[in-house]
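Residue numbers (our numbering): 50 to 169. Even for Gly, the Cβ is constructed at its ideal location relative to N, Cα and C. For clarity, every value in this text was computed on a predicted model and none was experimentally measured.
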Amino acid sequence: MIKLLSRYISVGIVNTALHWAVFGIMVYIMKNDQAVSNVVAFLCAVTFSFFANAKFTFNAKATSRGYILFVGFMGLLSFISGQISDRFSISPLITLIEFSSISLVCGFVYSKFVVFRDPK
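Put into structure tokens, the structure is as follows:
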């Protein structure tokens, strides 16, 4: 389990850098609100994350069903995070830290037990 989590974290580091870069460009350069920026950044990063984790972390087949489940769950989490941040005027940097932390834990558990679970 530790090896699996270590691999997930490694993919997550690249995924987080991608997410933060897109989010920063959208908020600070393009002047979009945090909710929209967080969802767009997420969509860029989640595609990388799904395929990298399928191959590198879980040694599983990347399926359309799995992709939809992963994107749907993580997208909802991303949107809720952005909405809360907008509602309470939370700093974009705090939003990124908050979402990155929550998505690491929730994403790993959801990936392991739902998206890439071993077939019975």
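Hey, residue i and residue j: beta-carbon distance below 8 angstroms or not?
i: Thr-144; j: Gly-156; result: no
i: Leu-126; j: Ile-146; result: no
i: Ser-86; j: Phe-97; result: no
i: Asn-108; j: Tyr-57; result: no
i: Ala-111; j: Leu-67; result: no
i: Thr-65; j: Ser-149; result: yes
i: Val-88; j: Phe-122; result: no
Using the Cα positions of residue i and residue j, report the straight-line distance between them to the nearest angstrom.
i: Gly-91; j: Ile-62; result: Correcting the residue identity first, residue 91 is Phe in this sequence and not Gly. Distance between the alpha carbons of Phe-91 and Ile-62: 14 angstroms.
i: Leu-53; j: Gln-83; result: 32 angstroms
i: Lys-104; j: Asp-167; result: 14 angstroms
i: Ile-133; j: Ile-74; result: 20 angstroms
i: Leu-153; j: Arg-136; result: 23 angstroms
Under a Cβ-count criterion, where at least 16 other Cβ atoms within 10 Å of its own Cβ denotes burial, should residue i be classed as buried or exposed?
i: Thr-106; result: buried
i: Ser-55; result: exposed
i: Met-50; result: exposed
i: Phe-119; result: buried
i: Val-158; result: exposed
i: Val-60; result: buried
i: Gly-115; result: buried
i: Phe-99; result: buried
Taking contact to mean 3 or more Cβ pairs, one atom from each stretch, closer than 8 angstroms, check whether the stretch 158-166 and the stretch 75-93 are in contact.
no
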